[in-house]
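For the sequence shown, our numbering begins at 1376 and goes up steadily by one. Here the structure is laid out as structure tokens; the discussion comes afterwards.
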Amino acid sequence: MRRRRAVGGISAAWVELVPAELAAGAELVGQRSGVLTVRVTDASARFGLDRWLRNGGLAALRARSPSALRSVRFVM
1376 MRRRRAVGGI
1386 SAAWVELVPA
1396 ELAAGAELVG
1406 QRSGVLTVRV
1416 TDASARFGLD
1426 RWLRNGGLAA
1436 LRARSPSALR
1446 SVRFVM
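Okay, here's the thing in structure tokens:
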């Protein structure tokens, strides 16, 4: 419940939009001031998600996000 509040409504969009093979190596941590923080398992997962975001994924998440989304930050 606490984590759900931390990421807001973006979690539903994340589950729906991010390909399953990329989402498997990531976990939403929180969203603050328009920055979505995503914990990744390794550099490979980070690279795949970064490529997906740069190739239209970020625009899709922004369109579906109930709050303003400026960027995505990765942490290990």
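All C-beta atoms in this analysis are idealised placements derived from N, C-alpha and C, irrespective of residue type, glycine included. As the structure is a prediction and not an experimental result, all values here were calculated from the model.
- Partner residues in the beta bridge of residue 1412, as assigned by DSSP, are 1405, 1448.
- A residue is called buried once 16 or more other Cβ atoms fall within 10 Å of its Cβ, and residue 1423 is buried on that count.
- Restricting attention to 1427, 1437, 1442, 1451, the CA atom closest to the CA of residue 1395 is found in 1427.
- About 5 Å separates the beta carbons of residue 1448 and residue 1412, which is inside the 8 Å limit, making them a contact pair.
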